[in-house]
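J.: Quick one: the structure is below, and I'll ask about it shortly.
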Amino acid sequence: MMIIGEKINGTRKQVAAAIRERDAASIEALAREQVEAGADYLDVNAGTEPDREADDLIWLVQTVQQCVEVPLCLDSPNSATLKRAISAVDQLPMINSISGEQERLEQVLPLVAEQQCPVIVLALDQAGIPQTVDDRLNIIAHLVNATRQAGISDDKLYIDPLIMAVSTSDDAGLIACETIRSIRRQYPLAHITGGLSNMSFGSPVRKYINQAFLVLALEAGMDSAIMDPCSPDMLPLLLAAEVVLGRDRFCNKYNRAFRAGKLG
Ligand code: THG
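Number 296 marks the last residue of the sequence shown (the numbering used here); no jumps.
Rendered as structure tokens:
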């Protein structure tokens, strides 16, 4: 399971304030705690107004890569921002994201092809987020066709089923799991990721919903998540679920985590 740490995101109040005040120490603390907890990549999202976003994201990139070794997942709705941020990273980044929105695809796909970097593929287009599993799969089929044409192999793709909140839609969990299962069947070489904590937006004691969904999504075929690796008990649960699903040879990772005192 590849963990992309979600915490350096300007939609969070604490991060928005740190960006505004250029408070590097706060951002460094978020970077270190996520890497210590097991993050393989760190998502960086400035979440600020379009006229400041690129400068803010580049500051985040520079701040984070000064203090930790892991690669970054560049998260921006703006292709010009992604372009500038790519030239500021010192390790091959993951790009978050391409989607079926034509302008974005045209702008971002060439960058990904040129760098051969891993890329998140979102199941949405100019009409927004589709309601049904089939509509999501149709968009993904269109996008995988485009990435293959551009010379990007499926193992570079992190397909995102678009995880929604159960507080606004009862079947958000089932739709996510069904979409994951179908993607896994149709694209065996591609990875599957998504914003795990989206599921619990607007619910009390969010960690339980995130935990329940993590286990179900792993079983359905998810092999990466944008998540908070520091959330209590999340890492032991993840390691245990991988043991149960036969994805941890000889329980090596689980036993190693135990010996390192990471299972509490
Ligand atoms: N897919 C892709 N990228 C994504 C998402 C996705 N990037 C952003 C988001 N979704 C994943 N990242 C987060 C980051 C924070 C939270 C959820 C998802 C979160 N924050 C709390 C809140 O907003 O209520 C914390 C509040 C705070 O601490 O201030 O839940 O789906 N490709």
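Think of the CB as a built atom: it goes at the ideal place given N, C-alpha and C, for glycine as much as any other residue.
Whole angstroms are fine: how far does the CA of N177 sit from the CA of C99?
T.: If you number the sequence shown from 1, residue 99 lands on position 67. If you number the sequence shown from 1, residue 177 lands on position 145. Their backbone Cα atoms lie some 38 Å apart in a straight line.
J.: Helix, strand or coil: which one does DSSP assign to N110?
T.: Here the question's residue 110 lines up with position 78 in the sequence shown. Reduced to three states, the DSSP call for N110 is coil.
J.: Hey, which unbroken runs of the beta strand (DSSP E) at 3 residues or more fall wholly within the segment 117-198?
T.: DSSP runs (the beta strand (DSSP E)) wholly in the segment 117-198: 126-130, 151-154 and 189-192.
J.: Taking the Cβ atom as the reference point for each residue, do I152 and I172 lie within a distance shorter than 7 Å?
T.: Translated into the one-based positions of the sequence shown, residue 152 becomes position 120. Translated into the one-based positions of the sequence shown, residue 172 becomes position 140. Result no, Cβ atoms of I152 and I172 do not sit closer than 7 Å.
J.: I'd like the span of the alpha helix (DSSP H) that includes E60, first residue to last.
T.: Taking the first residue of the sequence shown as position 1, residue 60 is located at position 28. A56 to E68 is the span of the alpha helix (DSSP H), which, as asked, contains E60.
J.: Closest to I258 by CA distance: which of S235, D72, L277 and Q123 is it?
T.: The sequence position of residue 258 within the sequence shown is 226, counting from 1. Of the candidates S235, D72, L277 and Q123, the one whose C-alpha sits nearest the C-alpha of I258 is D72.
J.: Less than 7 Å between the beta carbons of Q123 and P261, yes or no?
T.: For this step, residue 123 is matched to residue 91 along the sequence shown. For this step, residue 261 is matched to residue 229 along the sequence shown. No, Cβ-Cβ distance for Q123 and P261 is not below 7 Å.
J.: Does the beta-carbon distance from M254 to I207 come in below 7 Å?
T.: By 1-based counting over the sequence shown, the position of residue 254 is 222. By 1-based counting over the sequence shown, the position of residue 207 is 175. Going by C-beta atoms, M254 is not nearer than 7 Å to I207.
J.: Looking at C-alpha atoms only, which residue of N41, Q94, D83 and A86 is the closest neighbour of A56?
T.: For the purposes of this step, residue 56 is taken as residue 24 along the sequence shown, with counting starting at 1. Ranking the options by Cα distance to A56, first place goes to Q94.
J.: From which residue to which residue does the alpha helix (DSSP H) around N284 run?
T.: For this step, residue 284 is matched to residue 252 along the sequence shown. Start and end: N284 to R291.
J.: Any Cβ of chain C within less than 7 Å of the Cβ of G234?
T.: Looking for chain C here will not work: only one protein chain is present.
J.: What residues are listed by DSSP as bridge partners for C99?
T.: The residue given as residue 99 occupies position 67 in the sequence shown. Answer by DSSP bridge pairing: none, since C99 is not bridged.
J.: Taking 7 Å as the limit between beta carbons, can you name the residues of its chain near S199, skipping five residues before and five after?
T.: Your numbering for residue 199 matches position 167 in the sequence shown. Only F233, G234 and S235 meet the Cβ criterion.
J.: Are there 16 or more other CB atoms within 10 angstroms of the CB of Y219, so buried, or fewer, so exposed?
T.: Reading the sequence shown from its first residue, position 187 is the one you call residue 219. With 16 or more other Cβ atoms within 10 Å, it is buried.
J.: Starting from K239, trace the beta strand (DSSP E) both ways and give me its first and last residue.
T.: One-based indexing of the sequence shown puts residue 239 at position 207. Counting along the chain, K239 falls outside any beta strand (DSSP E), though it belongs to the alpha helix (DSSP H) covering R238 to A252.
J.: Look at the alpha carbon of Q181 and the alpha carbon of F290, and state the distance between them as a whole number of angstroms.
T.: Position 149 of the sequence shown, counted from the first residue, corresponds to residue 181. Position 258 of the sequence shown, counted from the first residue, corresponds to residue 290. So the alpha carbons of these two residues sit roughly 45 Å apart.
J.: Between the alpha carbons of A204 and S229, how many angstroms are there, rounded?
T.: Residue numbering aside, residue 204 sits at position 172 when the sequence shown is read from its first letter. Residue numbering aside, residue 229 sits at position 197 when the sequence shown is read from its first letter. Roughly 12 Å separates the two Cα atoms.
J.: Is there at least one non-hydrogen atom of the ligand THG closer than 6 Å to the beta-carbon of G227?
T.: Translated into positions along the sequence shown, residue 227 becomes position 195. Indeed, a heavy atom of the ligand THG lies less than 6 Å from the Cβ.
J.: Between the Cα of L221 and those of S185, K239, A252 and Q243, spot the shortest distance and give me the residue it belongs to.
T.: In the sequence shown, counting from the first residue as 1, residue 221 sits at position 189. The residue with the shortest Cα to Cα distance from L221 is S185.
J.: Quick one: does the C-beta of K285 sit closer than 6 Å to a heavy atom of the ligand THG?
T.: The residue you call residue 285 lines up with position 253 of the sequence shown. For the ligand THG, not one heavy atom lies less than 6 Å from the Cβ of K285.
J.: Can you look up A48 in the DSSP assignment and give me helix, strand or coil?
T.: Position 16 of the sequence shown, counting from 1, holds the residue named residue 48. Here A48 sits in helix by DSSP.
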